[in-house]
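Here full-length UniProt numbering is used: the first residue of the sequence shown is 1, the next is one more, and so on. Everything on this sheet refers to the single structure shown next.
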Amino acid sequence: IFEYPQQSLLVCFFENEKLFVASIPQLRHSLENSKRSYTCYQSIYGYHMEFPKGYVNFSTESVQGLICLQESGTPIVWNPSTRQLLTLPKPKFSWNDVKFFLGYDPVQGKHKVMCIPLCRVSNKCRVLTLGSAQESWRSRTIKSRHKHRSKIQSSGRCIKGVVYYIAQIIYTRVWVVMSFDVKSEKFDMIQLPSDINHDKSVLITYEGRLACARVCAMKGGRIRGERCTTLCILEDTKKHKWSRKDVLPVHFGVPPGLTTFLRFEGCTNAGEFIYEVSGFEMVSYILLYDPVKRSCRRFELKGITEDTSMYVLHAFPNHVENHAND
């Protein structure tokens, strides 16, 4: 069994220019506990920190301990382990809106930020390498057959040195998965399964592989607990081969009632599916559900949610500690 370093689920939300942060421990692998069905209830505690004024948008997942966000088009790299914020130089281009992706090259041990125009076609992208001596943005050319535009909701997933995101190829008008090799800084594309609706699907990391998750019966971005999640798992990049897996719904750990909703937030490397459980406009707790063992871990957000209304919760699975000084 492949052993990941100790990972956690990082959850956070904004309130009055403060960022509230909490960390939920993840299992190392799916066999860490017995296979019997069980429900576990635990409370978590967190901290808060000052953040830049203005609208802040989380652009990426947690990539080897770092998270990229942007404030008024300026990229900022956040290290939750050290609670440090690194403001990067704003890339120079004529684009009005831009999409940032964060990648990590495990061979060279370097993080890179890549950006492309949002919902607009360009044959160029910008790349910046994080390091002790900060490098400036450099331009990279995108091949004609790979010219594309990203969708607004597209969130990148960095897996084994490659960043994946959903985009539309311009010449064919077909939605695909674009891949950006962090080391070589080259693009490629992977065909999506024909029955996948890009508007109702999100990319996640599932058991160390790229997967496209289709959550049924979505309503305002939220789903009812009795519906299933369909996964299309990438098996072969070159052959564009995907396998399919239906994940059984959560049947316990969720109180009955029409006012309770589940929001799918991704998957841990141990195979636990992450759901945000909310009633009305308040987030109540986090569920980590293992469909194989039929087990459920429930975490109440105590210590950070009292007297606070959470309207948008951000979840970052598979987060690792990073104490390097970038």
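Every residue gets a Cβ at the ideal spot worked out from N, C-alpha and C, and that includes glycine.
- The straight-line gap separating the alpha-carbon atoms of R244 and I233 is approximately 6 angstroms.
- Here the stretch 187-196 does not lie against the stretch 109-119, with fewer than 3 beta-carbon pairs under 8 angstroms apart.
- If you draw a straight line from the Cα of C12 to the Cα of Q84, it comes to about 15 angstroms.
- It is roughly 32 angstroms from the alpha-carbon of W95 to the alpha-carbon of V107.
- From the listed residues T82, D290 and V63, the smallest Cα separation to P317 is found for V63.
- Here I76 is not near L66, since their CB atoms are 8 angstroms or more apart.
- Per DSSP, reduced to three states, the secondary structure at D97 is coil, with no helix or strand assignment.
- Per DSSP, the unbroken beta strand (DSSP E) holding I67 starts and ends at I67 to E71.
- For the pair K124 and R140, the CB atoms are nearer than the 8 angstroms cut-off.
- Where L234 is concerned, the enclosing beta strand (DSSP E) starts and stops at T229 to D236.
- For F51, the closest C-alpha among the options L287, V127, L10 and L19 is that of L19.
- As computed with DSSP, G266 is found in a beta bridge with I274.
- A residue is called buried when at least 16 other Cβ atoms come within 10 angstroms of its Cβ; Y171 does not meet this threshold and is exposed.
- For the 8 angstroms CB-CB criterion, T268 and Q26 form a contact.
- In the DSSP annotation of this structure, the continuous segment of the beta strand (DSSP E) that includes P75 starts and ends at T74 to N79.
- For the set M49, T82 and E17, the Cα lying nearest the Cα of E321 is the one of T82.
- Under a 10 Å Cβ-count criterion, G266 is classified as buried, with 16 or more other Cβ atoms of the shown protein chains found around its own Cβ.
- Shown here, H146 sits in a helix according to DSSP, grouped into three states.
- Exclusion of the five residues before and after T74 leaves T87, L88 and K90 as the residues of its chain whose Cβ lies within less than 8 angstroms of its Cβ.
- Of all alpha-carbon atoms in V312, F14, G131 and K186, the one lying nearest the alpha-carbon of R145 is that of K186.
- A residue is called buried once 16 or more other Cβ atoms fall within 10 Å of its Cβ, and C296 is buried on that count.
- If you compare the alpha carbons of F264, Y289, Y285 and L262 with that of E272, the shortest gap goes to Y289.
- Residue pairing by DSSP leaves R83 without any beta bridge partner.
- When only Cα atoms are considered, R214 and A315 end up about 18 angstroms apart.
- Secondary structure note for L10: its beta strand (DSSP E) is the uninterrupted segment S8 to E15.
- Distance from P80 to H319 at the Cβ level is roughly 7 angstroms; contact confirmed, criterion being Cβ atoms closer than 8 angstroms.
- Within the same chain, Cβ atoms closer than 7 angstroms to the Cβ of I24 are found at S8, L9, V11, I44, I286 and F299, the five residues on either side in sequence being excluded.
- Each residue's CA atom was taken as its position, placing D97 and R294 some 43 angstroms apart.
- Residue state for K186 is assigned as strand, using DSSP reduced to three classes.
- Bounds of the beta strand (DSSP E) holding Y164 are V162 to I169.
- Looking only at Q168, K183, V182 and D181, the smallest Cα-Cα distance to N197 is reached by Q168.
- Short of 6 angstroms from the beta carbon of K99, and not among the five residues preceding or following it, lie these beta carbons of its own chain, in chain order: I116, L118 and S150.
- Apart from the 5 residues on each side of it in sequence, G103 sits with its Cβ closer than 6 angstroms to the Cβ of K112, C158, V163 and V182 in its chain, given in chain order.
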